[in-house]
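In my numbering, the protein residues as written are 12 to 188.
One structure below.
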């Protein structure tokens, strides 16, 4: 039997790519975690470990890398998967939420029938940075009348204080920089 994956192992596999996508950014490349079956499966185990199968109604994943983890988590939890996408990327009727970027703003959307009122939701993304996208996704979940049980992230860039924008929700991150 193989030992359970630890956050330390996941952190060791995350590759730092300097100056991507622009100078001064230290990009955290998760593809080595995704490419290793044991680490990827272990990351899903860690993201879902506080929730029994059937205790979550839907796992909401944030465009785009959050889809990878959220879809796998939904399968493990016997829950539905709900995507939150960038504006104009969903084909059915949506509600939208704007949020601030460093320079300007962006918009995310969710289908109006994606969640039932009082649904228990696990919100998942690969990265918690400034928290704008995650807070906007959380606002959409709440607008549909669902409850966020937890917001879980593979990586958190603590120095950007994104967790503060998710005040009121339990937040958990596997690797914190």
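Using N, Cα and C, we set each Cβ at its ideal position, and we do this for glycine too.
A quick note: this is a predicted structure, and the numbers were derived from the prediction, not measured.
Please determine, among the options, the residue with the shortest C-alpha to C-alpha distance to residue i.
i: residue 76; options: 52, 65, 95; result: 95
i: residue 105; options: 91, 90, 126; result: 126
i: residue 199; options: 150, 19, 13, 72; result: Since the first and last residues shown for the chain are 12 and 188, residue 199 lies out of range.
i: residue 78; options: 97, 63, 62; result: 97
i: residue 183; options: 124, 158, 137; result: 137
i: residue 118; options: 100, 51, 124; result: 100
i: residue 157; options: 123, 171, 18; result: 123
Pick helix, strand or coil for residue i, following the three-state DSSP scheme.
i: residue 31; result: coil
i: residue 21; result: helix
i: residue 106; result: strand
i: residue 145; result: helix
i: residue 73; result: strand
i: residue 180; result: coil
i: residue 124; result: coil
i: residue 40; result: strand
i: residue 187; result: strand
i: residue 53; result: helix
i: residue 13; result: coil
i: residue 173; result: helix
i: residue 46; result: helix
i: residue 155; result: coil
i: residue 82; result: helix
i: residue 150; result: helix
i: residue 88; result: helix
Looking at the secondary structure, which residues open and close the beta strand (DSSP E) in which residue i lies?
i: residue 134; result: 131-139
i: residue 93; result: 91-97
i: residue 166; result: 158-167
Compare the beta carbon distance of residue i and residue j with 8 Å and say whether it is the shorter of the two.
i: residue 82; j: residue 165; result: no
i: residue 187; j: residue 132; result: no
i: residue 65; j: residue 89; result: yes
i: residue 135; j: residue 163; result: yes
i: residue 145; j: residue 67; result: no
i: residue 139; j: residue 167; result: yes
i: residue 142; j: residue 179; result: no
i: residue 149; j: residue 159; result: yes
i: residue 84; j: residue 59; result: yes
i: residue 57; j: residue 93; result: no
**Prompt:** Would you call the stretch 32-42 and the stretch 104-124 touching, i.e. three or more CB-CB distances under 8 Å?
**Reply:** no
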